[in-house]
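A short write-up of the structure that comes next.
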Amino acid sequence: MPGYTPVNFSQQGKFRVKLSPLTLQGDNRRAFRSVGGSTDWDQGFWKLECGNNEYVYATSQDTNTHQIHGVACASSTGVSNTCHTATIDNGEWAGVGDWDVNYNKGECASNEYLAGLSVDPGTGLPHQLLCCAR
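Numbering of the sequence shown is given in this note's numbering, commencing with residue 7 and proceeding in unit increments.
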């Protein structure tokens, strides 16, 4: 598959990983999952969203400004598109509590996967996670 690089993990088999960088202003999406009846699941914010049957494998950010640069997506099977958002800076923790005291965090529940991430277009900082049922 063009643009995909196989990554071999000794105990986990092979994944296909593709970087979806936020290099242009605006959204960079390979799928349009719906939350609350709208595919614009974080209005006014740019979205990095992996395709159907993919999940966010890793993120990258600028080392100086801390702006999000991109996400890497890995393929999977048996994942759903039943999703909700979790805002990174409002104390929404999905079950393990405040695991990094005094720092903002975002978290999907243990029975969910991360399908996307929204970014503030003014600051480049992350805003919401797109969490979907496994």
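Where is the CB? At the ideal position from N, CA and C, for every residue including glycine.
- Contact check between the stretch 33-50 and the stretch 62-72: fewer than three CB pairs, one atom from each, fall below 8 Å, which does not count as touching.
- Closest by C-alpha distance to Asp46, out of Leu123, Ala139, Gly128, Thr129, is Leu123.
- Runs of the beta strand (DSSP E) lying entirely within the stretch 66-137, each at least 3 residues long, are 74-81, 89-93, 118-125 in chain order.
- For Trp52, the enclosing beta strand (DSSP E) begins and ends at 52-55.
- If you draw a 10 Å sphere on the C-beta of Ser81, you find 16 or more other C-beta atoms in it, and that means buried.
- In summary, Gly103 is exposed, with fewer than 16 beta-carbon neighbours lying within 10 Å of its beta-carbon over all protein chains present.
- Spanning the alpha carbons of Ala139 and His90 requires a straight line of approximately 9 Å.
- Burial check for His133: the Cβ neighbour count within 10 Å reaches 16 or more, so the residue is buried.
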